[in-house]
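Asker: Let me give you the structure first, and then I'll get to my questions.
Residue numbers (my numbering): 247 to 353.
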């Protein structure tokens, strides 16, 4: 997979967008669980997981390209994308814990 700068930028931006979407969905899930809407919170966590999966697929494709010998220059935008993705993953994990906690508290 040989890509030009524009294709690379699009892939990096998709990681940022999907990571941001995932983070927002995770935070929404916490708010819904807090209101007692556990089913809605769980649905939001599912959507969050889907967004993270999409971002992870892009990341994996980039890693596979590099493994196959296509050197990909790491730029600040890629560092930002990776940071965004990792942040979203941590928040998703914490949101899942909050949803479970609110489920128990609200019984």
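A virtual CB, placed ideally from N, CA and C, is assigned to each residue, including glycine. This one's a predicted model, so the numbers in the text were calculated from it and none came from an experiment.
#1: Just the C-alpha distance for residue 322 and residue 350, rounded to the nearest angstrom, thanks.
#2: Between 324, 289, 285 and 276, which lies nearest to residue 305 when the distance is taken from Cα to Cα?
#3: For the alpha helix (DSSP H) that contains residue 265, what are its first and last residues?
#4: CA-CA distance, residue 272 and residue 288?
#5: Give the straight-line distance between the Cα atoms of residue 294 and residue 282, rounded to the nearest whole angstrom.
#6: Is the separation between the beta-carbon of residue 258 and that of residue 327 shorter than 7 Å?
#7: Give the single residue among 320, 252 and 296 whose Cα lies nearest to the Cα of residue 269.
#8: Residue range of the alpha helix (DSSP H) that residue 288 falls in?
Answerer: Reading off the structure:
#1: 42 Å
#2: 324
#3: 251-280
#4: 10 Å
#5: 19 Å
#6: yes
#7: 296
#8: 284-313
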